[in-house]
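Accompanying notes for the structure given below.
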Amino acid sequence: MWDPFKDFHVPTSSVSAENSAFVNTRVDWKETQEAHVLKADIPGLKKEEVKVQIEDDRVLQISGERNIEKEDKNDTWHRVERSSGKFMRRFRLPENAKVEQVKACMEN
Numbered sequence: 001m002w003d004p005f006k007d008f009h010v011p012t013s014s015v016s017a018e019n020s021a022f023v024n025t026r027v028d029w030k031e032t033q034e035a036h037v038l039k040a041d042i043p044g045l046k047k048e049e050v051k052v053q054i055e056d057d058r059v060l061q062i063s064g065e066r067n068i069e070k071e072d073k074n075d076t077w078h079r080v081e082r083s084s085g086k087f088m089r090r091f092r093l094p095e096n097a098k099v100e101q102v103k104a105c106m107e108n
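When you line the sequence shown up against the UniProt record's numbering, it's residues 1 to 108, in that order.
If you want it as structure tokens, here you go:
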């Protein structure tokens, strides 16, 4: 049986605190008659902060980074809940995926 997650085990001890907010970036993957469609929830990131690429051996990688907001010395923060850091998700695409036709888009 084909397993798209084979070779992608990441021990939880290797996940840094910087990345912990993004470890659970949710991705849905469906296959239609025309294409494989992946949809990711990446709230708060701008299009230019997200990267989609195909790596060797048919691996689709979705990654991004949210930077900490610059502080003004005169501001007083009462609460900071939005995460900052990096995320990366990788998926091995099956043989029937047309990697040369990969497209990406972002919607609000």
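Note that CB positions come from ideal geometry on N, CA and C, so glycine has one too.
(message) My parser needs the alpha helix (DSSP H) runs of 4 or more residues fully inside the UniProt domain "SHSP" (18-108); what are they?
(response) none
(request) Report the three-state DSSP secondary structure of Pro11 (helix, strand or coil). (result) Stepping through the sequence shown from its first residue, residue 11 is reached at position 11. Note on Pro11: pLDDT 45, under 50, position unreliable in the model; the coordinate value appears next. The answer is coil: DSSP assigns Pro11 none of H, G, I, E or B.
(request) Taking 9 Å as the cut-off, decide whether the C-beta atoms of Ser63 and Phe87 are in contact. (result) Translated into positions along the sequence shown, residue 63 becomes position 63. Translated into positions along the sequence shown, residue 87 becomes position 87. Contact flag set, yes.
(request) Measure the C-alpha to C-alpha separation of Leu45 and Glu69 and round it to an integer number of angstroms. (result) Counting from 1 along the sequence shown, the entry for residue 45 is found at position 45. Counting from 1 along the sequence shown, the entry for residue 69 is found at position 69. So the two alpha carbons sit approximately 13 Å from each other.
(request) Determine, using beta-carbon pairs with one atom in the stretch 50-60 and one in the stretch 91-106, whether at least three such pairs fall under 8 Å. (result) yes
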